[in-house]
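Residue numbers for the sequence shown follow my numbering, beginning at 4 and rising by one. C-beta: ideal position from N, C-alpha, C; glycine also. Following: one structure in structure tokens, then a few remarks.
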Amino acid sequence: MREKIAILLDEIHRFEAESKDQLEAFRIKYLSKKGLIPALFDNFKQVLPEERKEIGKLLNELKQKAQEIIELQQECFAETTQKKIKIDTSLPAITFSGGRHPLSIVRREINSIFERQGFVIAEGPEIEDDFHNFSALNFPADHPARDMQDTFFIHKYPDVALRTHTSSVQVRVMEQGKLPVRIIAPGRVFRNEAISARAHCIFHQVEGLYIDKDVSFADLKQTLYYFAREFFGVETKIRFRPSYFPFTETSAEMDVSCNICGGKGCNICKYSGWVEILGCGMVDPNVLEACGIDSNIYSGYAFGMGIERITMMKYQINDLRLFFENDLRFLKQFETLV
Ligand code: PHE
């Protein structure tokens, strides 16, 4: 008896059904009324009284094991049939919820406005050398922007740093020597500044560059006027104030009429009616020459704006840090925009 139990137990352990039918055959063979295990129970009467306790226990264990194995393997088959049902190729695709980050929404809008004017998007590395970020752009060797205060250096001598503006992309495009150039360079930039509601050590810019024969400041004005009206609305006015950048001559800063109060004066525009949004100017001949372009034949304009700033203006956001905190309560407010 004991041997028989051991043999059946061994068989049961080895059993692995490949189909539901096989599993049913197994159940009939071992557990049905005329099956092998009930047959053993029938023989139990012949077991010697002193062995009954032990054999009885073994028999019960055998029966239990067989039932367990059937149940377990039934589950497997049940699961696969369920899985088959789950894949219904006729169902419509699952749509994901979520939205774009406000900075992405605005970057895409800026790109699209300039693409409509014939600009092409250019990209460059976020880790730059001194030449592309400073020297080629006519920064004097002792210019304060090169100082540790502003720039995150990766190592010095030779200078490798995180780019402080996407003007470095303009240099890379000019170097390729394919003229005319009409590009915008959107991207992330880095400056060693204290983080506050108005400044961050990481932010985003879109810079533009147009180089051809006979490019004038009037072309620059018209391009930016078109941008301002498309972005802030057709009522928007622009004005230019003289400024200074090492890489442009003449240089200017452009203000737009405040989109909150329409120019009447409010706390956003500090009651002036105007908000500064970008720097621009005619590319300095020294920059063209440093990039291998003949400044006697070609001229060009450049401009650069911070995406955070105009996003804050457009959506009346008063703390720049919100862009980098990924707080869903903030981000969800932009979900319906594209
Ligand atoms: N590169 C300048 C900045 O980061 C912006 C700028 C670009 C100004 C092009 C003039 C012309 O502040």
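**Message:** I'd like the list of long-range same chain contacts for Asp217, defined as Cβ closer than 8 Å, with 5 residues on each side in sequence excluded.
**Reply:** Stepping through the sequence shown from its first residue, residue 217 is reached at position 214. Non-local beta-carbon contacts of Asp217 in its own chain, meaning distances under 8 Å to residues more than five positions away in sequence, involve Ser302 in chain order.
**Request:** Using a threshold of 8 Å, state whether the C-beta atoms of Asn195 and Thr154 are closer than that.
**Result:** In the sequence shown, counting from the first residue as 1, residue 195 sits at position 192. In the sequence shown, counting from the first residue as 1, residue 154 sits at position 151. In contact: Asn195 and Thr154 (Cβ atoms closer than 8 Å).
**Straight-line gap, Glu252 to Ser260 (C-alpha atoms, nearest Å)** = Taking the sequence shown and counting its residues from 1, one reaches residue 252 at position 249. Taking the sequence shown and counting its residues from 1, one reaches residue 260 at position 257. Between Glu252 and Ser260, the C-alpha separation is close to 25 Å.
**Cβ-based neighbour list, Pro288, same chain, cut-off 7 Å, excluding 5 preceding and 5 following** = Position 285 of the sequence shown, counting from 1, holds the residue named residue 288. Counting only residues of its own chain and dropping the five nearest sequence neighbours on each side, Pro288 has a CB closer than 7 Å to the CB of Ser298.
**Prompt:** Using DSSP with H/G/I as helix, E/B as strand and the rest coil, what is Gln208?
**Reply:** By 1-based counting over the sequence shown, the position of residue 208 is 205. In the three-state reduction of the DSSP assignment, Gln208 falls in the strand class.
**Prompt:** For Thr314, does the three-state DSSP call read helix, strand or coil?
**Reply:** As a first step, residue 314 must be located in the sequence shown, where it is residue number 311. Assigned with DSSP and collapsed to three states, Thr314 falls in helix.
**Message:** ligand 1 and Glu210: does any heavy atom of the ligand fall closer than 7 Å to the residue's C-beta?
**Reply:** Indexing the sequence shown from 1 puts residue 210 at position 207. Shortest gap from the CB of Glu210 to any heavy atom of ligand 1: under 7 Å.
**Asked** Quick one: what does DSSP say Gly59 is sitting in, helix, strand or coil?
**Response** The count along the sequence shown starts at 1 and reaches residue 59 at position 56. DSSP places Gly59 within a helical segment (H, G or I) once states are collapsed to three.
**Item:** Cα-Cα separation between Phe220 and Cys283, rounded to whole angstroms
**Value:** As a working mapping, residue 220 is identified with position 217 in the sequence shown. As a working mapping, residue 283 is identified with position 280 in the sequence shown. If I take the Cα positions, the gap works out to 10 Å.
**Request:** Confirm the yes/no value for this check: CB of Ala139, any heavy atom of ligand 1, distance under 7 Å.
**Result:** Counted from its first residue, the sequence shown places residue 139 at position 136. The closest heavy atom of ligand 1 lies 7 Å or more from the beta carbon of Ala139.
**Request:** Just mark Val176 as buried or exposed, buried being the case when its beta carbon has 16 or more other beta carbons within 10 Å.
**Result:** As a working note, residue 176 is residue 173 in the sequence shown. With 16 or more other Cβ atoms inside 10 Å of its own Cβ, Val176 counts as buried.
**Asked** To which residues of the same chain is Ala20 closer than 7 Å at the C-beta, ignoring the five residues directly before and after it?
**Response** Here residue 20 is taken as the residue at index 17 of the sequence shown, counted from 1. Result list for Ala20: Leu26, Phe29 and Gln76, in chain order.
**Within 8 Å, strictly: CB atoms of Thr167 and Asn136** = If you number the sequence shown from 1, residue 167 lands on position 164. If you number the sequence shown from 1, residue 136 lands on position 133. Between Thr167 and Asn136, the C-beta spacing is below 8 Å.
**Rounded C-alpha distance that separates Val286 from Ser138** = By 1-based counting over the sequence shown, the position of residue 286 is 283. By 1-based counting over the sequence shown, the position of residue 138 is 135. Near 14 Å, if we compare the C-alpha coordinates of Ser138 and Val286.
**Request:** Check whether the Cβ atoms of Ile58 and Arg17 sit closer than 8 Å, and answer yes or no.
**Result:** Start at 1 with the first residue of the sequence shown, and residue 58 comes out as number 55. Start at 1 with the first residue of the sequence shown, and residue 17 comes out as number 14. No, the Cβ-Cβ distance between Ile58 and Arg17 is not below 8 Å.
**Item:** Within 8 Å, strictly: CB atoms of Ser275 and Gly268
**Value:** Translated into positions along the sequence shown, residue 275 becomes position 272. Translated into positions along the sequence shown, residue 268 becomes position 265. At a Cβ-Cβ threshold of 8 Å, Ser275 and Gly268 count as neighbours.
**Request:** Using DSSP bridges, identify the partner residues of Pro189.
**Result:** In the sequence shown, residue 189 corresponds to position 186, counting from 1. DSSP, once it has assigned bridges, lists Val209 as partnering Pro189.
**In chain order, each alpha helix (DSSP H) run of at least 4 residues that lies wholly inside the region 107-158** = Complete alpha helix (DSSP H) runs here, min 4: 133-136.
**Asked** Rounded C-beta distance between Ile116 and Phe235? I'm assuming under 8 Å.
**Response** Here residue 116 refers to the residue found at position 113 when the sequence shown is read from its first residue. Here residue 235 refers to the residue found at position 232 when the sequence shown is read from its first residue. In fact, because the Cβ distance is near 11 Å, the residues do not count as touching under 8 Å.
**Asked** So the alpha helix (DSSP H) Leu26 belongs to, where does it begin and stop?
**Response** Within the sequence shown, the letter at position 23 stands for residue 26. Leu26 -> alpha helix (DSSP H) spans Lys23 to Leu34.
**Request:** Let me know if Gln67 comes out buried or exposed under the rule of 16 or more other beta-carbons within 10 Å of its beta-carbon.
**Result:** Here residue 67 refers to the residue found at position 64 of the sequence shown. With a threshold of 16 other beta carbon atoms within 10 Å, Gln67 falls short and is exposed.
**Request:** Alpha carbon to alpha carbon, how far is Phe333 from Arg103? Give it in angstroms, no decimals.
**Result:** Residue numbering aside, residue 103 sits at position 100 when the sequence shown is read from its first letter. Residue numbering aside, residue 333 sits at position 330 when the sequence shown is read from its first letter. Those two C-alpha atoms are separated by around 12 Å.
**Prompt:** Whose CA, out of Lys240, Leu11 and Ile280, lies closest to the CA of Gly38?
**Reply:** Counted from its first residue, the sequence shown places residue 38 at position 35. It is Leu11.
**Asked** Out of curiosity, what's the CA-to-CA distance linking Gln173 and Val237?
**Response** Locating residue 173 in the sequence shown gives position 170, where the first residue counts as 1. Locating residue 237 in the sequence shown gives position 234, where the first residue counts as 1. If I take the Cα positions, the gap works out to 30 Å.
**Request:** Taking Leu182 as the reference, give the member of Cys294, Lys48, Ile31 and Lys32 with the closest Cα.
**Result:** Sequence index remark: in the sequence shown, residue 182 carries index 179 (1-based). Checking every option, the nearest Cα to that of Leu182 belongs to Cys294.
**Request:** Select from Gly307, Arg324 and Ile320 the residue whose C-alpha is nearest the C-alpha of Ser248.
**Result:** To locate residue 248, count along the sequence shown from 1; it is residue 245. Here residue 248 is Phe; the residue named in the question, Ser, does not match the sequence. Measuring C-alpha to C-alpha distances from Phe248 to each of Gly307, Arg324 and Ile320 identifies Gly307 as the nearest.
**Message:** Is His168 near ligand 3 - that is, is its Cβ less than 7 Å away from at least one heavy atom of it?
**Reply:** With respect to ligand 3, the structure offers nothing, as its ligand set consists of ligand 1.
**Request:** Examine ligand 1 and report whether any of its heavy atoms sits within less than 7 Å of the Cβ of Leu283.
**Result:** Along the sequence shown, read from residue 1 onward, the residue named residue 283 stands at position 280. Note that residue 283 is Cys in the sequence shown, not Leu. Checking every heavy atom of ligand 1 against the Cβ of Cys283, one is found closer than 7 Å.
**Asked** Between Leu227 and the rest of its own chain, which residues show a CB-CB distance below 8 Å, the 5 nearest in sequence each way excluded?
**Response** If you number the sequence shown from 1, residue 227 lands on position 224. Closer than 8 Å at the Cβ level, and outside the excluded window around Leu227, lie Ile241, Met257, Leu281, Cys283 and Phe306.
**Request:** Measure the C-alpha to C-alpha separation of Asn63 and Leu43 and round it to an integer number of angstroms.
**Result:** Stepping through the sequence shown from its first residue, residue 63 is reached at position 60. Stepping through the sequence shown from its first residue, residue 43 is reached at position 40. When rounded, the separation of the alpha-carbon atoms in Asn63 and Leu43 is 11 Å.
**Prompt:** Ends of the beta strand (DSSP E) at Met308?
**Reply:** Within the sequence shown, the letter at position 305 stands for residue 308. Unbroken beta strand (DSSP E) run through Met308: Ser302 to Gly309.
**Asked** Given Pro319, which residues of its chain have a CB within under 8 Å of its CB, disregarding the five upstream and five downstream residues?
**Response** For the purposes of this step, residue 319 is taken as the residue at position 316 of the sequence shown. According to the sequence shown, residue 319 is Gln rather than Pro. Hits under 8 Å: Ile263 and Ile271.
**Asked** Taking C-beta to C-beta, are Asp132 and Asp162 nearer than 8 Å?
**Response** The residue labelled residue 132 in the question sits at position 129 within the sequence shown. The residue labelled residue 162 in the question sits at position 159 within the sequence shown. For the 8 Å CB-CB criterion, Asp132 and Asp162 form a contact.
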